[in-house]
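Colleague: I have a structure I would like to understand better, so I am pasting it below and will then ask my questions one at a time.
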Amino acid sequence: MATDFNDRPMPIAAALGFLLWLLMLSASLVETDAYRFAAIFVAIYGIWIYYRIAPRPAPSFMAWYCLAWSVYVLVRFAYGYFGSPNLEHGSSEWLYAFPMFFGGIGIGLTRMRFYIEQVLLAFFVLAALFLAASQHWWVIASGNPVIPLYHNNQIHGAVACGLIMIGAFYWFLHYAARGIRSSPYGLAAAALTPVIVLLCLISILGSQSKGVWLALLGTVPVAAILILATERRAAIRFAVAALVLLVAGWAFLFRERLWLRAGSTVEATLGLVRDYSASQSLSAFLQQKIASGTIPESMNARLELWYNACELIRQAPWFGHGNFWIERWEQTRYADVGYYLMHNGYLEILIRHGIVGFLALAFMLAALVGMTWRGYRKGFVAPAAMQAYLMLLLFFALTLLSNSNNRLAIGESLAMLTGGVAFYAQAMERYTAALAARAGKEA
Numbered sequence: 001m002a003t004d005f006n007d008r009p010m011p012i013a014a015a016l017g018f019l020l021w022l023l024m025l026s027a028s029l030v031e032t033d034a035y036r037f038a039a040i041f042v043a044i045y046g047i048w049i050y051y052r053i054a055p056r057p058a059p060s061f062m063a064w065y066c067l068a069w070s071v072y073v074l075v076r077f078a079y080g081y082f083g084s085p086n087l088e089h090g091s092s093e094w095l096y097a098f099p100m101f102f103g104g105i106g107i108g109l110t111r112m113r114f115y116i117e118q119v120l121l122a123f124f125v126l127a128a129l130f131l132a133a134s135q136h137w138w139v140i141a142s143g144n145p146v147i148p149l150y151h152n153n154q155i156h157g158a159v160a161c162g163l164i165m166i167g168a169f170y171w172f173l174h175y176a177a178r179g180i181r182s183s184p185y186g187l188a189a190a191a192l193t194p195v196i197v198l199l200c201l202i203s204i205l206g207s208q209s210k211g212v213w214l215a216l217l218g219t220v221p222v223a224a225i226l227i228l229a230t231e232r233r234a235a236i237r238f239a240v241a242a243l244v245l246l247v248a249g250w251a252f253l254f255r256e257r258l259w260l261r262a263g264s265t266v267e268a269t270l271g272l273v274r275d276y277s278a279s280q281s282l283s284a285f286l287q288q289k290i291a292s293g294t295i296p297e298s299m300n301a302r303l304e305l306w307y308n309a310c311e312l313i314r315q316a317p318w319f320g321h322g323n324f325w326i327e328r329w330e331q332t333r334y335a336d337v338g339y340y341l342m343h344n345g346y347l348e349i350l351i352r353h354g355i356v357g358f359l360a361l362a363f364m365l366a367a368l369v370g371m372t373w374r375g376y377r378k379g380f381v382a383p384a385a386m387q388a389y390l391m392l393l394l395f396f397a398l399t400l401l402s403n404s405n406n407r408l409a410i411g412e413s414l415a416m417l418t419g420g421v422a423f424y425a426q427a428m429e430r431y432t433a434a435l436a437a438r439a440g441k442e443a
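The numbering of the sequence shown is the UniProt record's numbering, which starts it at 1 and goes up by one.
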C-alpha cells in the first residue's frame, strides 16, 4: 500500500528515526563507527520509503551520478584487492563509495522533517553536556594539550568542536530570525548556544591544533560578512557582533599561547614562500629544506608526507593508484616518516583517484551545494540552515589543508550529511511538484 508524501511516520518509525539521526550526528561527540551503521540504516529506510510513497518521481541525474561514482570506486577497489598477491586493501578506501547512500539518506530526511527540531535540540543538549563533562580545566591552564570531547586525538576533537560551534550558532540564528520567545526550541537555543560556543573555544584552545585555529579564524569573518549582507534584524546583527567579539577576544587574550604554538610554523611557512624561486625545481627545494633542520618538527614531517604524496601523484596523475598506493608508498623518498596519513585531505584524493577523480568529486560537491541552494530558494531549506551548510563546508575545507579529516569519522559523517541534505532539498522539490501535478489532474 502506497504512503502519501505528507503523511507523518508511525510513532515507532519516528522514534527509530530520531535515534538513528542522533547517532549520525554523534560522530562529532564520540569517535565511533555508530554513525556509519546509522547512515546505512537511514539510507535503506529511505530507499524503502521511495518505493512506497506516491507519487514517485524518477531518480535524478545526480542520484545516478553518485551511484555510478560509487560503483566505479567499488569495482576499482575489487580489482586492486583481488589483483594483488597481497590482497591489498589500502587504507580508508571505502569512504569514497559512500555517495551511494546520499539519495537514500535524503529521502529518509524527508520523513524526519517533522521532527528535525527535536533531533537538533537533543543533539545540542548532549553536546553541551559532553563538552562540560570532558573539559580538562587545569590541564588547559597549565598549557598542556588536551583531547576535546571523546575523540582519539586532539586534532579530531578540535575539528569536531569547530563544527559543533558553527552548527550551534546557526541553530540560534534560525530562532532569532523567527523570534526567540515564539518557541520553546528558541528559548533552548538562546540558553545553550553561548555555553556551547564558549566551551568549544576553550576546547579548541586546549587542543593546540594550529590547523583548526587558522580554519576557525578564516571562517568566522566570512560567516559574519555573509550574515550582515543578508540580514537586517537587530537581534541577528547583535548575535554576529557577539560572536566576532568573542572569537577576537579569545584570539587576543590567548595570543601569546597561540603564537607560542603556531608562531614557528607560520614563520617557517613564510620563509618557504620567500626562499622559493620559480626557476628552482620544487622537488629539489623541498629536499633541501627538509634536510636543513631549520623547519619545526611537525611541519618537517608534513613536508616529507607531502613530498611522498607528490611523488605518487607524478607517477599516476590522471587516475591515481587506487588501493595500490599504500604498496607504492614504501618506494617513496621519505617512506620512513612513520605515517600513512597525508595530513592534507586533497592529497588523499589525488593519490587514490588522480586529477580525474578529484574533478569528479569536485563536480559532485558543487552539484550538492547547488541542489541545497535551490531547495533554499524554493523554501525547503531555512536561511540559517543554508548558511550553516556553507560555513560548515568552508571550515572543514580549510582544515583539510593541514590534516586528512576526510578520513575521520567526523569527515565521513559530514559527507553523509552534506549529501543527505542536498538530496532532501531535491526530493522536497520533486515530490511537491509531483503532488501539484497529481492535484491538477484530479481537479
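Each residue gets a CB set at the ideal place from its N, CA and C atoms; glycine is no exception.
Remember, predicted model here, so these are calculated numbers, not experimental data.
Where A27 and G143 are concerned, what is the direct C-alpha to C-alpha distance, given to the nearest angstrom?
Modeller: Roughly 27 Å between the two C-alpha positions.
Colleague: Relative to the C-alpha of G186, which candidate in L126, L121, S404, F102 has its C-alpha closest?
Modeller: L121
Colleague: Measure the Cβ-Cβ separation of A128 and L192 and say whether it is below 8 Å.
Modeller: yes
Colleague: Between the alpha carbons of L341 and I53, how many angstroms are there, rounded?
Modeller: 43 Å
Colleague: Can you tell me which of L400, F358, L214, I49 puts its alpha carbon nearest to the alpha carbon of P317?
Modeller: The shortest C-alpha separation from P317 is found at F358.
Colleague: Let me know if G419 comes out buried or exposed under the rule of 16 or more other beta-carbons within 10 Å of its beta-carbon.
Modeller: Flag for G419 reads buried.
Colleague: Alpha carbons only, please: which of T372, F324, R178, K441 is nearest the one belonging to M428?
Modeller: T372
Colleague: If you drop the 5 nearest sequence neighbours on each side, which residues of the same chain put their C-beta closer than 7 Å to that of P221?
Modeller: The answer is none, since no qualifying residue turns up.
Colleague: Should A215 and F395 be called a contact, given that it needs their Cβ atoms to be closer than 8 Å?
Modeller: yes
Colleague: Exposed or buried, F61, counting other C-beta atoms within 10 Å across all chains shown (16 or more means buried)?
Modeller: exposed
Colleague: Would you decide whether M10 is buried or exposed? Buried here means 16 or more other CB atoms lie within 10 Å of its CB.
Modeller: exposed
Colleague: Give the DSSP bridge partners of V75, in chain order.
Modeller: Answer is none; V75 lacks a bridge partner.
Colleague: In terms of residues, what are the limits of the alpha helix (DSSP H) holding R274?
Modeller: 255-275
Colleague: Reducing DSSP to helix, strand and coil, say where Y334 ends up.
Modeller: coil
Colleague: Could you spell out the range, first to last residue, of the alpha helix (DSSP H) harbouring F380?
Modeller: No alpha helix (DSSP H) contains F380, which DSSP labels as neither H nor E.
Colleague: Assuming W137 and P99 are in contact, meaning their beta carbons sit under 8 Å apart, how far apart are those beta carbons, in whole angstroms?
Modeller: Wrong, their Cβ atoms sit about 42 Å apart, outside the cutoff.
Colleague: When DSSP labels each residue in this structure, what does V30 get in the three-state scheme?
Modeller: strand
Colleague: Look at the alpha carbon of A433 and the alpha carbon of G104, and state the distance between them as a whole number of angstroms.
Modeller: 19 Å
Colleague: Given this structure, state the Cα-to-Cα distance separating S134 from W48, to the nearest angstrom.
Modeller: S134 and W48: Cα-Cα distance of roughly 39 Å.
Colleague: For G411, which option in R8, A335, A177, R36 has the closest C-alpha, if you only look at C-alpha atoms?
Modeller: The alpha carbon of G411 has as its nearest neighbour, out of R8, A335, A177, R36, the alpha carbon of R36.
Colleague: Name the one or two DSSP bridge partners that Y150 has.
Modeller: V30
Colleague: Suppose only complete runs of 4+ residues qualify. What are the alpha helix (DSSP H) ranges in the stretch 134-202, listed by chain order?
Modeller: 137-142, 154-178
Colleague: Alpha carbon to alpha carbon, how far is G370 from D7?
Modeller: 28 Å
Colleague: Among residues of its own chain, excluding the 5 on either side of A436, which ones have a beta-carbon nearer than 6 Å to its beta-carbon?
Modeller: none
Colleague: Can you give the beta carbon distance from F124 to I196, rounded, assuming they're within the 8 Å contact cut?
Modeller: 6 Å
Colleague: Taking the straight line between their C-alpha atoms, what separation do you get for Q154 and L131?
Modeller: 14 Å
Colleague: Is it buried or exposed for P148, if we count other Cβ within 10 angstroms and need 16 for buried?
Modeller: buried
Colleague: M391 and F166 - do their beta-carbons sit closer together than 8 Å?
Modeller: In the sequence under discussion, the amino acid at residue 166 is Ile, which differs from the Phe named in the question. Cβ atoms of I166 and M391: closer than 8 Å.
Colleague: Pick helix, strand or coil for L414, following the three-state DSSP scheme.
Modeller: helix
Colleague: Under 8 Å by Cβ, that's how I've got V30 and Y150 pegged, so tell me the actual separation to the nearest angstrom.
Modeller: 4 Å
Colleague: Taking A58 as part of the alpha helix (DSSP H), name the residues at either end of that continuous run.
Modeller: Careful: A58 lies outside any alpha helix (DSSP H) and carries neither H nor E.
Colleague: What are the boundary residues of the alpha helix (DSSP H) that includes V308?
Modeller: Looking at the sequence provided, one finds Asn at residue 308 rather than Val. Run containing N308: 297-315, per the alpha helix (DSSP H) assignment.
Colleague: Nearest to M386 by alpha carbon, out of V247, T110, A422?
Modeller: Comparing Cα-Cα distances from M386 to each of V247, T110, A422, the minimum goes to A422.
Colleague: According to DSSP, is M62 part of a helix, a strand, or is it coil?
Modeller: helix
Colleague: Distance check for A158 and Y115, CA to CA, integer angstroms please.
Modeller: 29 Å
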